[in-house]
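Chains as they are written, first to last, in the numbering used here: chain V, 13 to 288; chain B, 13 to 288; chain W, 13 to 288; chain D, 13 to 288.
From the three backbone atoms N, C-alpha and C, an ideal C-beta is built for every residue, glycine too.
Protein chains: 4
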Amino acid sequence: MKPFMLASREYKPKDTIIEINSSAKKVFLGEGYCTLIAGPCAVEGAEEYLDLARILAGLGVHILRAGVFKPRTSPYTFKGLGREGMEIVDQARLITGLPVITEILDVRDLEQLYDRVDILQVGSRNMQNFALLEELGQIKRPVMLKRGLSATIEEWLLAAEYILNGGNDQIILCERGIRTFEPYTRNTVDIGAVALLKQLSHLPIIVDPSHATGRWKMVAPVARAAIAAGADGIMVEVHQDPDKALSDGKQSLTPENFAGLRDQIIKLAELDKKII
Amino acid sequence: MKPFMLASREYKPKDTIIEINSSAKKVFLGEGYCTLIAGPCAVEGAEEYLDLARILAGLGVHILRAGVFKPRTSPYTFKGLGREGMEIVDQARLITGLPVITEILDVRDLEQLYDRVDILQVGSRNMQNFALLEELGQIKRPVMLKRGLSATIEEWLLAAEYILNGGNDQIILCERGIRTFEPYTRNTVDIGAVALLKQLSHLPIIVDPSHATGRWKMVAPVARAAIAAGADGIMVEVHQDPDKALSDGKQSLTPENFAGLRDQIIKLAELDKKII
Amino acid sequence: MKPFMLASREYKPKDTIIEINSSAKKVFLGEGYCTLIAGPCAVEGAEEYLDLARILAGLGVHILRAGVFKPRTSPYTFKGLGREGMEIVDQARLITGLPVITEILDVRDLEQLYDRVDILQVGSRNMQNFALLEELGQIKRPVMLKRGLSATIEEWLLAAEYILNGGNDQIILCERGIRTFEPYTRNTVDIGAVALLKQLSHLPIIVDPSHATGRWKMVAPVARAAIAAGADGIMVEVHQDPDKALSDGKQSLTPENFAGLRDQIIKLAELDKKII
Amino acid sequence: MKPFMLASREYKPKDTIIEINSSAKKVFLGEGYCTLIAGPCAVEGAEEYLDLARILAGLGVHILRAGVFKPRTSPYTFKGLGREGMEIVDQARLITGLPVITEILDVRDLEQLYDRVDILQVGSRNMQNFALLEELGQIKRPVMLKRGLSATIEEWLLAAEYILNGGNDQIILCERGIRTFEPYTRNTVDIGAVALLKQLSHLPIIVDPSHATGRWKMVAPVARAAIAAGADGIMVEVHQDPDKALSDGKQSLTPENFAGLRDQIIKLAELDKKII
């Protein structure tokens, strides 16, 4: 028997489809759909964010990245706008009608985020923050679980198992690259993980080619590869002016480049008759 | 300039010596001392734990391992006795007079642990749990910060920087092995990290050869190597009956084996004129 | 300046296209083409190999895998048919008219292989066998250079540089997975390497999804991902009866499964207007 | 059964002791001895090398490093003096009476090296150069087999098995660090490998702290750790003027620093009653 049970395909042969209906626009995520999540690494200011949100909505993005609490390796770097950033996110959600995804870092923030966020993201550094996972198991809200920096597939599914075991089965897995010895790229995308997870588990799996590569020129080819490998969507960083981004500018696409990528993804999705 | 500042030797050339005086026996940890931390992986029951605590105190152990909240990869395995385990730890601390070290998993547990624990341990999975690090920066209690599974030296020191930046400079670093491709051992001890940290930082560094190897026969040679490389102490798992341990039995020493290791460590410490 | 020069796109902005014309059928490999290389891990016997070669030729394969010298981790496992295997390969090449690719392990085998092999393969274990690379720099024959088990992109391009520096510019790079900590798969495909190499270098790049994953069910999705990421072709293991293969059966496709994969690859190639 | 047999302790419970008697001074390597190998990364010129050789002989070094064929990642860097370097090595061997160790890169060099070299070294890049291993199995000369960059313990012992299987049982294993994600150091010393190999195999094991760390300030603590973990010796790079070394200067000790290290190693060897 595999150490993970509720997350396994043996336990639930049918694919889990996440239906996000807490926002104005209903969105589906899972087998048969190709879902586009996009936005800046972090919400940096009201004007820029609302402007970008409108642009992305116009480009067919399904879910908005809305980072307000940013986990940062150094205590001295920009950590997001925090609670006041949430008010900007509220507006973007209202204006565009799109669901938003926000990372939760502290279990004590859950209450304030619960009704204002459509998907709660667990970042790679918190993949085994079991106190957080257990709380997220108690709620009725989709959770995106990013893979830990060096987590095995089994450990990742066991982290999902913590949430499933609590009663919440609305989980989206997100491959965001693993740490290797390669200095050229920020991380190494494990494209095989997408293929493997589709066999081992019923949970949806998306790929974040921005964090995974750290280089915007690699984002499009890796995003294409993700969809071709069977991923249910991609999460991409977009910024109007990447050079001025307070975090992760090097890996952000401009809206124009994102539009080009979207066109390519649409063609790949059509090959597999996926709804996009 | 290095991205870590308060943790750097440039900032503070003099070695930080941790003085633990919240328990009956005063203990020092840092350059010039060789400190022995030992105990079972987890507190499993009152009788066994108190018995072992007495044995270890008799063998010259300076600090007792007192795991009551255990982070476990799977939600279905023994996670420690939790709050009731703390009562057993209270007794062991009273009986032996030794300071105790306990891992904290949830920032909400801090209040109950604060007065009953002499060193708070941050496990490798939580090395970048910034919400927890920030809280630990606010307290006046030594913190042992284990290295993340695949953390670079810089990331590790930046995690320490979070605590230092909050105002708490009582930090002990603990090398517990990194993840590599090797299937024979649980992790790969980075002995060079000990040497490097002594140059880069003023913080004390100890090694956990039990978690780092996962095989009890490797514990003694790796513990010896740690001290020879300049580590300020070791943290070792000891269990009266390793085969019956609820967790990590394979890597636990019997008290007899631990006594043998202690004798070897004493000789190495004497070579370097360290107080043990 | 980058440490690799002749391999860089700065040095030669135009893509290198390999033209294989030493066999009956002319084959191209490089930007704008999508080349299929297939065959068993090792030539095991005349009848089976010739039969498979005919089947693969009928399925539109462009180049035949023709392993006769197999590098094996253990001295006690099947190491290929060696020189007598070459006679079977000669026949397959004659019958199908297809070019063949064979791994060279020993610099002393070069003379006998030179006129009977259309592409010489350097395996991952020999990526930094500089004596071999230098000899291959002296010949007029395409060389497929597999990435070393844990080679960085730069080291890989520098290995190519050894061959280029000798005067041979007919080099095909082959990503075959890198070693990581993941036990589920044999190796971890670095799909980002494909995207990165297309930017850094003019050399063609293909992907070997069989060795990279070690699991036949993952071969098709990873092969698709490779083409979507921009790879110029794939090299796939095919065996009539994978369960009976003397080596690497677990990662081999049946001819039927390969035919299905080919159909999918054709559609992806058409999206990018690549000749297949 | 383990996949390696001849290399296993089950097959040969008694430690293998290598007796080097092809030079003027007889040297032993294996359990019970602590053997010092030292010299520059590469022989760069007659005067400097002979001068250093005399100094090292005076400092009690047992075996001289005598690199004349240097494997270099880039084709454009200094690759050693080659055949003419061997004449300088001949002199050093004559003058000091010490045995010399030289890396062999090309199987075709074996004949010229055989009578002039006391230990043939297989570098990490060639650990799985099976053509070379098979030839070295046929000779009566000790072979030092360095661990491959990312080789598992099992693969390393299987590489030794190739040599043992040919009939040559004079093998010394050399841990030289594995590749990890850490950018501070060149490689990561796997000190646990020393402890593990002493249990799994009867072959002697030494550690190369110079290549393993890439930083001379780390060489002494790591060398100490190696001996404390049970290694049978160390191989250290020494250069009169590290800043001017044509290769690997950053990791070279001056003769003065080496003398200090030697004194520390002697004390550690005495603790274990090893002959040094």
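The beta carbon of L170/V is closer than 6 Å to those of F16 in its chain, skipping five residues each way along the sequence. Against R191/D, the close residues of chain V are F193, in the order they occur along the chain (beta-carbon pairs closer than 7 Å). Below 8 Å, enough C-beta pairs join the segment 124 to 137 of chain B and the segment 76 to 96 of chain B to call them touching: three or more. Here Q211/D is exposed, its C-beta having fewer than 16 other C-beta atoms within 10 Å.
Counting only runs of 3 or more residues that sit fully inside the segment 167 to 214 of chain W, the beta strand (DSSP E) segments are 183 to 187, in chain order. Listed in chain order, the non-local C-beta contacts of G92/B below 8 Å within the same chain comprise A54, V55, G79, V80, F81 and K82, local neighbours out to five positions each way being set aside. For the segment 234 to 253 of chain D, the set of residues with a beta-carbon nearer than 8 Å to any beta-carbon of chain B comprises V234, R236, A237, A238, I239, A240, A241 and G242, in chain order. If you look at T225/W, you'll find it isn't in any beta strand (DSSP E); it sits in the alpha helix (DSSP H) that goes P221 to T225. Between T28/V and G44/V, the gap from beta carbon to beta carbon reaches 8 Å or more.
Assigned with DSSP and collapsed to three states, A65/V falls in helix. In the three-state DSSP reduction, I165/D falls in the helix class (H, G or I).
Proximity of chain B to S136/D at the Cβ level (cut-off 7 Å) is not reached, the minimal Cβ distance being about 15 Å. When DSSP states are grouped into helix, strand and coil, A238/V belongs to the helix group. In the structure shown, M98/W adopts helical secondary structure according to DSSP, grouped into three states. Between Y126/B and E146/B, the C-beta spacing is not below 8 Å.
At least 8 Å separates the beta-carbon of M156/B from that of I190/B.
Using a CB distance cut-off of 8 Å, Y45/B does not count as an interface residue toward chain D. Within the segment 170 to 190 of chain V, those residues whose Cβ lies closer than 7 Å to any Cβ of chain B are, in chain order, L170, E173, Y174 and N177. For V119/B, the C-beta contacts it makes with chain V under 8 Å involve D118, V119, R120 and A143, in order along the chain.
In terms of Cα proximity to T114/D, the closest of I183/D, R128/D and R120/D is R128/D. At the C-beta level, L161/B and S213/V stay beyond 8 Å of one another. In its chain, beyond the 5 residues on either side, L148, G149, Q150, I151, K152, R153 and V155 have a beta carbon closer than 8 Å to the beta carbon of N180/B.
Under the three-state reduction of DSSP, A281/W is assigned to helix. Distance from the Cα of D275/D is smallest, within the candidate group H251/D, A235/D, A241/D and E249/D, for A235/D. At a cut-off of 8 Å between C-beta atoms, T200/V counts as an interface residue with respect to chain W.
Around the beta-carbon of Q182/B, 16 or more other beta-carbon atoms lie within 10 Å, marking it buried.
In this structure, I107/B is the residue among I107/B, A36/B, H74/B and K24/B with its C-alpha nearest to the C-alpha of E59/B. Setting aside the 5 residues that flank it on each side, G242/B is surrounded in the same chain by V206, A207 and K210, each with a C-beta closer than 7 Å to its C-beta; the list follows chain order. Among the residues facing chain D, S162/B is included, as its CB has a counterpart in that chain under 8 Å away. Counting C-beta atoms within 10 angstroms of its own C-beta, E166/B has 16 or more neighbours from the protein chains shown and is therefore classed as buried. Membership of A54/V in any alpha helix (DSSP H) is not indicated, and neither H nor E is assigned to it by DSSP.
In this model, F90/W and A143/D are separated by some 15 Å (Cα to Cα). Counting C-beta pairs closer than 8 Å gives fewer than three between the segment 252 to 267 of chain D and the segment 249 to 260 of chain B, which falls short of the contact rule. T197/V has a beta carbon lying within less than 8 Å of a beta carbon in chain W.
In terms of Cβ geometry, I287/D and I278/D do not form a close pair [threshold 8 Å]. Bounds of the beta strand (DSSP E) holding L157/D are V155 to K158.
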